[in-house]
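S.K.: Residue numbers for the sequence shown, in my numbering: 7 to 677. Just so you know, even glycine gets a beta-carbon here, dropped at the ideal spot from N, CA and C.
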Amino acid sequence: MPFRGPFLLLLLLGLAAAAPAVEEAQFSAARLEGEGWRLEGLRLGLDLAGEGPPALSLRVDRLQLPGADLETGEVALHCPRLALYADGTSACREAGLVFSLSPWKRVEGKLEWQGSAERLALRLEGFRLGVGRLSGTLEGGKEGWQGKVKLQQLALSPLLARWLPQWSGSGRLGLEAEGSLEANGAWHGYFLLRARKMQFSDAEGLHVGESLRFSLRGKVGGGRRLEGNFDLELEEGQLYLDPFYLELDRPMQVKLGGWSSLDGKRLHLHRLEVDRPGLLHLSGRGDWRGGVLEEATFGWRFEKLAESYARLLQPLLIGTPADALQLAGSAEGELSLGGGKPRALKLELRQVELEDEAGRFGFDGLSGSLSWAAAGEAKPSRLAWRSAHLYRVALGPAMVNLQARGGEVEVSPFSLELLGGHLALSGLRFLGLPSGPLEAAGGARLEKLSLAALSQALEWPPLEGELNATLPRLHYREGRMQLEGELVLELFGGRVVVEGLVIEDLLGPAPVLRTSLRLENLDLAQVSRTFSFGRIEGSLEGYVRNLRLVGWEVAAFEAELRSPARDRRRHRISQRAIDNLTELGNGVASGLSGTFLGIFKDFAYDRLELRVKLEGDTAELDGAPGPAGGYYIVKGALLPRVDVIGRNRRVAWKDLLARLRSIQVKGIVVE
Numbered sequence: 007m008p009f010r011g012p013f014l015l016l017l018l019l020g021l022a023a024a025a026p027a028v029e030e031a032q033f034s035a036a037r038l039e040g041e042g043w044r045l046e047g048l049r050l051g052l053d054l055a056g057e058g059p060p061a062l063s064l065r066v067d068r069l070q071l072p073g074a075d076l077e078t079g080e081v082a083l084h085c086p087r088l089a090l091y092a093d094g095t096s097a098c099r100e101a102g103l104v105f106s107l108s109p110w111k112r113v114e115g116k117l118e119w120q121g122s123a124e125r126l127a128l129r130l131e132g133f134r135l136g137v138g139r140l141s142g143t144l145e146g147g148k149e150g151w152q153g154k155v156k157l158q159q160l161a162l163s164p165l166l167a168r169w170l171p172q173w174s175g176s177g178r179l180g181l182e183a184e185g186s187l188e189a190n191g192a193w194h195g196y197f198l199l200r201a202r203k204m205q206f207s208d209a210e211g212l213h214v215g216e217s218l219r220f221s222l223r224g225k226v227g228g229g230r231r232l233e234g235n236f237d238l239e240l241e242e243g244q245l246y247l248d249p250f251y252l253e254l255d256r257p258m259q260v261k262l263g264g265w266s267s268l269d270g271k272r273l274h275l276h277r278l279e280v281d282r283p284g285l286l287h288l289s290g291r292g293d294w295r296g297g298v299l300e301e302a303t304f305g306w307r308f309e310k311l312a313e314s315y316a317r318l319l320q321p322l323l324i325g326t327p328a329d330a331l332q333l334a335g336s337a338e339g340e341l342s343l344g345g346g347k348p349r350a351l352k353l354e355l356r357q358v359e360l361e362d363e364a365g366r367f368g369f370d371g372l373s374g375s376l377s378w379a380a381a382g383e384a385k386p387s388r389l390a391w392r393s394a395h396l397y398r399v400a401l402g403p404a405m406v407n408l409q410a411r412g413g414e415v416e417v418s419p420f421s422l423e424l425l426g427g428h429l430a431l432s433g434l435r436f437l438g439l440p441s442g443p444l445e446a447a448g449g450a451r452l453e454k455l456s457l458a459a460l461s462q463a464l465e466w467p468p469l470e471g472e473l474n475a476t477l478p479r480l481h482y483r484e485g486r487m488q489l490e491g492e493l494v495l496e497l498f499g500g501r502v503v504v505e506g507l508v509i510e511d512l513l514g515p516a517p518v519l520r521t522s523l524r525l526e527n528l529d530l531a532q533v534s535r536t537f538s539f540g541r542i543e544g545s546l547e548g549y550v551r552n553l554r555l556v557g558w559e560v561a562a563f564e565a566e567l568r569s570p571a572r573d574r575r576r577h578r579i580s581q582r583a584i585d586n587l588t589e590l591g592n593g594v595a596s597g598l599s600g601t602f603l604g605i606f607k608d609f610a611y612d613r614l615e616l617r618v619k620l621e622g623d624t625a626e627l628d629g630a631p632g633p634a635g636g637y638y639i640v641k642g643a644l645l646p647r648v649d650v651i652g653r654n655r656r657v658a659w660k661d662l663l664a665r666l667r668s669i670q671v672k673g674i675v676v677e
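What follows is the structure, given as structure tokens:
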């Protein structure tokens, strides 16, 4: 049955006034309910015996407020001295109220009221909520209501047990709040929540707080829409919100302001600010409709990239090539979104020092401005650095101009110093950013690269000479890199032409490389002087076909190295070179120096020829047709004539590698 609470008390008081001989008035009901509330087992009594003011008692077995998800156990109210006035007003200054409420077993305190059917004033004092204390006031009537509440030393653990049973925690909370409700339904409120020595954790340990002290201020209101402004200050403690960890050695402030429609379909955020000196400054605003982000802008500033990367960026980059970097400098940016998708991005870098901990790449003095737009005209961007490196190869200073729009980035041609020479890049273009699949293409020209500097950087045996190369076009897509056309390397007085270069799973654990090489008119004097294999004069040509590397280890190839048919260079070969070639083809050295031929430093030869084919674990060796089933590796000429004849045609690949390793090159073992 519908029920309006104040009128029941007035009814009892009216009956008592109409019948002076009545010593006690009682009312009971099994169930009463109204809009937003329901109670069971109501017992209301008025004790009129004696000469003093009457005493009022009220008991309820259960009170429910479904909208607030609130339910009490037994409620007992006792007013020993109820004041009654001729205008229908009643008052009680010393009422006691006791009830059970989860998560507290017993809530007890003093209640004071004065009111009528038109207006009511309540005061709560000394209510115990476990170890906490509650006090407050409520006053109003038809014109509206005003109220205040104060909570002190409220324990966190019972609250978690009631509303977050999978969480654990401890600490104390304090709350001060006041608010008003107008006759037209509009309401306003203000609160201040403080916490100290707070600790909490969920069951998985993904949300953890230790020794937290913070304050949260809020100003809220409602009517035609819901409005709120909140200021959070995290003063000290440690906070882990997977994957982020924050050591609050300095205060951190979070400010939030906005409004929402009553049905929750519209949300407007006009202020978002996160400020932690030295770590992050974040600002933003946005609009949502029907749960979809319509428009938003977020800006950020990292004053100290080293700290910002370690605490905020690195946890998001685990498993990527950028998850182990050393950073310094500062950066700021702005991201605009529309229709739930990125619309524009700006990024400023200032004197950034970046070093990959694995030594793969690094930049010093990296500065610039980057702009990206999803559509429309692309704005120019610029990047510059003082120095850089790729693995152990040093790169000189450079300035790069580029344009980024949609999923495409176009880089203007630029050049930089590289290994005593220059690297010129042109036609660089990236597609599929940022969601992928990533696709890239471009060409390059290498001019006068020092082989001595290259060998030193790569820790190779010392090389001599210069390298010039043309890379017409290289294409990358979804882990597959392919050379379109030929890569021409000008070195050792001739050319090495790389054809059909393809690398599968480039960034995977075991990349697969396939290519073929063509050697054209190499000067063996330069080659042998570079590698100290033993001096050989003459020219060299040949090929390496179907070369396949798996995880950068040789898995298969077919190679032929030979003297050109009409070689114009002089053909001479040293004792050391003869010994090394003999050991390579037969497994043992020639021992030439132990014979009378040891008095000769070098010998004339007619031609060189060696063929190697690797399939599986076995290498097949061959050369020019030789006597008695053998093959010429070196076919001698003139007197004293020395031939190098191979006898082994099949050899385990690991044994052939062992022979190569045994050949010393200027004190360095060839790997």
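Run the CB neighbour count on Asp529, radius 10 Å, all protein chains shown included, and call it buried at 16 or more, exposed below.
M.R.: With 16 or more Cβ atoms within 10 Å of its Cβ, Asp529 is classed as buried.
S.K.: Based on the DSSP output, what are the partners of Ser421 in its beta bridges?
M.R.: Paired residues: Ala430.
S.K.: Between which two residues does the beta strand (DSSP E) containing Glu300 stretch?
M.R.: Note, Glu300: beta strand (DSSP E), 298-308.
S.K.: From the DSSP output, in three-state form, read off Ser217 for me.
M.R.: Residue state, collapsed to three classes: strand.
S.K.: Name the two residues that bound the continuous alpha helix (DSSP H) containing Leu168.
M.R.: It should be pointed out that residue 168 corresponds to Arg in this sequence rather than to Leu. Start and end: 162-169.
S.K.: Beta-carbon within less than 6 Å of Val550's beta-carbon, same chain only, minus the 5 sequence neighbours each way: which residues are those?
M.R.: Correct list, in chain order: Leu523, Phe563, Ala565.
S.K.: Using C-beta distances below 7 Å, list every residue in its chain close to Leu434, excluding the 5 sequence neighbours before and after it, in chain order.
M.R.: So the list reads Val417, Gly448, once near-sequence residues are dropped.
S.K.: Check Ile516 in the structure and name its three-state DSSP category.
M.R.: The sequence shown places Ala at residue 516, not Ile. In the structure shown, Ala516 sits in coil (DSSP, three-state: anything other than H, G, I, E or B).
S.K.: Can you tell me the Cβ-Cβ gap for Leu351 and Gly374, rounded? I've got them flagged as a contact below 8 Å.
M.R.: Their Cβ separation, rounded to whole angstroms, is 14 Å, which puts Leu351 and Gly374 out of contact at 8 Å.
S.K.: Among Leu331, Arg647, Arg256, Val298, which one has its Cα closest to the Cα of Leu273?
M.R.: Among Leu331, Arg647, Arg256, Val298, the Cα nearest to that of Leu273 belongs to Val298.
S.K.: According to the Cβ coordinates, are Gly540 and Ala583 closer than 8 Å?
M.R.: Yes, the Cβ-Cβ distance between Gly540 and Ala583 is below 8 Å.
S.K.: Does the distance from the CB of Ser266 to the CB of Arg168 come in under 8 Å?
M.R.: Cβ distance not < 8 Å, so Ser266 and Arg168 don't count as in contact.
S.K.: For a minimum of 3 consecutive residues, which ranges assigned as the beta strand (DSSP E) are wholly contained in the region 452-508?
M.R.: You should have 472-483, 486-490, 492-497.
S.K.: Under 8 Å, do Glu182 and Leu198 count as touching if we go by C-beta distance?
M.R.: Closer than 8 Å, so yes.
S.K.: Does the distance from the C-beta atom of Arg291 to that of Arg282 stay below 8 Å?
M.R.: In this structure, Arg282 does not lie closer than 8 Å to Arg291 by Cβ.
S.K.: Could you give the C-beta distance for Leu128 and Leu117, rounded to a whole number, given that I count them as a contact under 8 Å?
M.R.: About 7 Å; that satisfies the 8 Å criterion.
S.K.: Pull up the distance between the alpha-carbon of Val675 and that of Ala664, whole angstroms please.
M.R.: Unreliable positioning characterises Val675 in this predicted model, as indicated by a pLDDT of 26, which lies under 50. A coordinate reading is not provided.
S.K.: My output table needs one value for Arg44: the three-state DSSP class, helix, strand or coil.
M.R.: Of the three classes helix, strand and coil, the one that applies to Arg44 here is strand, per DSSP.
S.K.: Within 10 angstroms of the Cβ of Phe250, are there 16 or more other Cβ atoms? Answer buried if so, exposed if not.
M.R.: Flag for Phe250 reads exposed.
S.K.: At which residues does the beta strand (DSSP E) containing Glu131 begin and terminate?
M.R.: Element bounds for Glu131: 125-135.
S.K.: If we ignore side chains and look at the alpha-carbon of each, how far apart do Glu29 and Leu69 end up?
M.R.: Answer to the nearest angstrom: the Cα atoms are 29 Å apart.
S.K.: Can you tell which of Glu184, Ala450, Leu288, Gly243 has the C-alpha that lies nearest to the C-alpha of Gln205?
M.R.: Answer by Cα proximity: Gly243.
S.K.: Sort Leu162, Gln332, Glu301 by Cα distance to Ala316 and report the nearest one.
M.R.: Minimum Cα distance to Ala316 is reached at Gln332.
S.K.: State the Cα-Cα distance for the pair Gly485 and Thr624, rounded to the nearest angstrom.
M.R.: Gly485 and Thr624: Cα-Cα distance of roughly 30 Å.
S.K.: Keeping to the same chain, check which residues put their C-beta closer than 7 Å to that of Val494; ignore five residues upstream and five downstream.
M.R.: Here the set comprises Ala475, Thr476, Arg501, Val503.
S.K.: Decide if Asp255 is buried, meaning its Cβ has at least 16 other Cβ atoms within 10 Å, or exposed.
M.R.: Answer is exposed; the Cβ neighbour count stays below 16.
S.K.: Can you round the beta-carbon distance between Ala630 and Glu615 to whole angstroms, since I take them to be within the 8 Å contact cut?
M.R.: Yes, they are in contact, since the Cβ atoms of Ala630 and Glu615 sit about 4 Å apart, within 8 Å.
S.K.: Using a Cβ-Cβ cutoff of less than 6 Å, which residues in the same chain neighbour Ala463 once the five nearest sequence positions on both sides are dropped?
M.R.: Result list for Ala463: Arg398, Val399, in chain order.
S.K.: Can you name, in chain order, every residue of its own chain whose Cβ lies under 6 Å from the Cβ of Arg200, other than the five neighbours on each side?
M.R.: Excluding positions up to five away in sequence, the list reads Gly180, Ser221.
S.K.: Restricting to runs no shorter than 3 residues, where is the beta strand (DSSP E) found entirely within the region 165-252?
M.R.: Listed in chain order, the complete beta strand (DSSP E) runs (minimum 3 residues) inside the region 165-252 are 174-188, 193-207, 213-228, 231-247.
S.K.: Quick one, which of Gly438, Arg134, Asp208, Gly195 has its alpha-carbon nearest Leu170's?
M.R.: Comparing Cα-Cα distances from Leu170 to each of Gly438, Arg134, Asp208, Gly195, the minimum goes to Asp208.
S.K.: Note down, in chain order, each residue of its chain lying with its Cβ closer than 8 Å to the Cβ of Gly227, except the 5 sequence neighbours on either side.
M.R.: Around Gly227: Ala192, Trp193, His194, Gly195, Glu233, Gly234.
S.K.: Can you have a look at Gln32 and say buried or exposed, based on whether 16 or more other CB atoms are within 10 angstroms of its CB?
M.R.: So Gln32 counts as exposed.
S.K.: What's the gap between the Cα of Gly345 and the Cα of Leu507?
M.R.: C-alpha separation (whole angstroms): 43 Å.
S.K.: May I ask whether a heavy atom of the ligand FMN can be found less than 7 Å away from the beta carbon of Gly58?
M.R.: This structure does not include the ligand FMN; it has no bound ligands of any sort.
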